[in-house]
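To keep things clear, I will list the structure first and then write my remarks on it.
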Amino acid sequence: MILVDTSVIVAWLDRSHEDHRACVQCLERWGGEEELAVSSITYGELAAGGRTREAVDEDLGFFKRLDLDFEACWRAGIAFSRAYPTAKEHKPVLPDFLIRGQAAALGCRHLTNDRRRLAAFPELEILFPQG
50 MILVDTSVIV AWLDRSHEDH RACVQCLERW GGEEELAVSS ITYGELAAGG
100 RTREAVDEDL GFFKRLDLDF EACWRAGIAF SRAYPTAKEH KPVLPDFLIR
150 GQAAALGCRH LTNDRRRLAA FPELEILFPQ G
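The working numbering numbers the first residue of the sequence shown as 50 and each following residue consecutively.
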């Protein structure tokens with residue numbers, strides 16, 4: 050199973066996004082080889098983007114949906130606190146850590162466009178649309 054990040058879903062849905070083509074191709078490739086999943090965090094992020102619930106449900110119909118559990122939250126919180134122990138301003142957004150924590154807890158690979166803060170999860174195998 051591959052846990053797909055919100056950054057890939059957004060580019061896949063938006064035909065004008067600079068990474069749209071690469072995301073379409075990688076989802077087709079990986080979807081033909083393994084089960085693709087999305088986190089409940091991604092569902093919430095898409096809701097925050099102003100889409101209707103019906104549209105999000107339809108868009109994510111192909112993906113397995115994964116609820117966030119306590120183990121994933123714990124891993125995300127620990128990684129977040131280690132990566133940013135003293136930062137007072139401009140902390141990164143916690144959802145990135147929650148999704149990666151979930152992938153780490155499940156022992157699955159993570160497909161993302163976001164190359165920031167990857168060192169916080171050294172045990173995680175990261176895949177990118179462009180190679």
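Where a beta carbon is used, it is the ideal one built from N, C-alpha and C, also for glycine.
| Check | Outcome |
| --- | --- |
| Exposed or buried, what is Glu94 when buried is set at 16 or more other beta-carbons lying within 10 Å of its beta-carbon? | buried |
| Measuring alpha carbon to alpha carbon, tell me which of Arg100, Asp116, Ala169, Gly110 ends up nearest Arg131. | Ala169 |
| Using three-state DSSP, classify Arg165 as helix, strand or coil. | coil |
| Helix, strand or coil for His159, going by three-state DSSP, please let me know. | strand |
| Could you check whether Leu52 and Arg166 sit closer than 9 Å to each other, using their CB atoms as the reference points? | no |
| Between the alpha carbons of Glu120 and Lys113, how many angstroms are there, rounded? | 19 Å |
| Quick one: what does DSSP say Val53 is sitting in, helix, strand or coil? | strand |
| Pull up the CB-CB distance for Pro178 and Asp68, whole angstroms please, since I reckon it's below 8 Å. | 6 Å |
| Let me know the alpha helix (DSSP H) ranges lying completely inside the region 74-151, each 4 residues or longer, listed in chain order. | 89-97, 102-108, 119-132 |
| Rounded to whole angstroms, what is the Cα-Cα separation between Ala71 and Trp61? | 8 Å |
| Expressed to the nearest angstrom, what Euclidean distance is found between the alpha-carbon atoms of Gly156 and Ser65? | 33 Å |
| Assign Leu173 to one of three DSSP states: helix, strand, or coil. | coil |
| Which same chain residues, not among the five before or five after Asp163, have their C-beta less than 8 Å away from its C-beta? | Asp54, Ser56, Asp145 |
| What's the call for Gln151, buried or exposed, on a 16-neighbour Cβ count within 10 Å? | buried |
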